[in-house]
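1 is the number of the first residue of the sequence shown in our numbering; add one for each residue after it. C-beta: ideal position from N, C-alpha, C; glycine also.
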Amino acid sequence: MRISVIGGQEADERASRVAFEVGREIGARGHVLICGGRTGVMREACRGAKESGGLTVGILPGDDLGDVNEFVDIPLPTGIGYTRNVLVARAGEAVIAIDGQLGTLSEIAFALISGRPVVGLGTWELRDGSGVEAPIERVEDAVSAVDACEAAVAAAGSG
Numbered sequence: 001m002r003i004s005v006i007g008g009q010e011a012d013e014r015a016s017r018v019a020f021e022v023g024r025e026i027g028a029r030g031h032v033l034i035c036g037g038r039t040g041v042m043r044e045a046c047r048g049a050k051e052s053g054g055l056t057v058g059i060l061p062g063d064d065l066g067d068v069n070e071f072v073d074i075p076l077p078t079g080i081g082y083t084r085n086v087l088v089a090r091a092g093e094a095v096i097a098i099d100g101q102l103g104t105l106s107e108i109a110f111a112l113i114s115g116r117p118v119v120g121l122g123t124w125e126l127r128d129g130s131g132v133e134a135p136i137e138r139v140e141d142a143v144s145a146v147d148a149c150e151a152a153v154a155a156a157g158s159g
């Protein structure tokens, strides 16, 4: 299974810890971690995945491989800037959003538009114009986040 992990390029201590734990859980379960390949949440998630033997893919906004974090196994330079957020959101069968800024918000929107399940750990809360909340499953920890991704993808596959 491919799981996209999205979040801010600047992460506080809590977001960094959560990202590391999510990455470690993804790697331990044999899933592929996909992210934006840079700093903050992306780096910590990749570090966790590598610690548990996982495979990581970084979809970079630019062409410079020097921008990739040291825990990415497969860097994919795109040269398309923030447009790469569409690729990050669609490349995973499910998305885990941790904290984040406006780039994360765009990735959440692209994932939802594309029909990908989104699991949130301390990230954006979204409502449409009539007040209906976006279908982001809220969880409290890394194990629950990966469990929710597996369940959502399994349900989509059987439906």
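Proximity to residue i [Cα-Cα], best of the options
{"i": "residue 4", "options": "120, 139 and 52", "result": "120"}
{"i": "residue 33", "options": "144, 140, 151 and 92", "result": "92"}
{"i": "residue 116", "options": "72, 87 and 10", "result": "87"}
{"i": "residue 155", "options": "22, 140 and 94", "result": "94"}
{"i": "residue 76", "options": "118, 46 and 57", "result": "57"}
Which of helix, strand or coil DSSP assigns to residue i
{"i": "residue 65", "result": "helix"}
Whole-angstrom C-beta distance between residue j and residue i, which should lie under 8 Å
{"i": "residue 37", "j": "residue 69", "result": "6 Å"}
{"i": "residue 6", "j": "residue 104", "result": "5 Å"}
{"i": "residue 126", "j": "residue 133", "result": "7 Å"}
{"i": "residue 111", "j": "residue 25", "result": "Actually they do not touch by this definition, with Cβ atoms about 19 Å apart."}
{"i": "residue 99", "j": "residue 8", "result": "5 Å"}
Residue i versus residue j - alpha carbon distance
{"i": "residue 135", "j": "residue 153", "result": "14 Å"}
{"i": "residue 108", "j": "residue 64", "result": "25 Å"}
{"i": "residue 28", "j": "residue 60", "result": "24 Å"}
{"i": "residue 159", "j": "residue 147", "result": "Per-residue confidence for residue 159 stands at a pLDDT of 44, beneath the threshold of 50, marking its modelled position as unreliable; the derived number appears in the next sentence. Cα-Cα distance, rounded: 18 Å."}
{"i": "residue 145", "j": "residue 16", "result": "15 Å"}
{"i": "residue 123", "j": "residue 97", "result": "6 Å"}
{"i": "residue 35", "j": "residue 11", "result": "14 Å"}
{"i": "residue 22", "j": "residue 90", "result": "19 Å"}
{"i": "residue 18", "j": "residue 46", "result": "12 Å"}
{"i": "residue 151", "j": "residue 80", "result": "33 Å"}
Where residue i falls, given that 16 or more other Cβ within 10 Å makes a residue buried
{"i": "residue 41", "result": "buried"}
{"i": "residue 43", "result": "buried"}
{"i": "residue 54", "result": "buried"}
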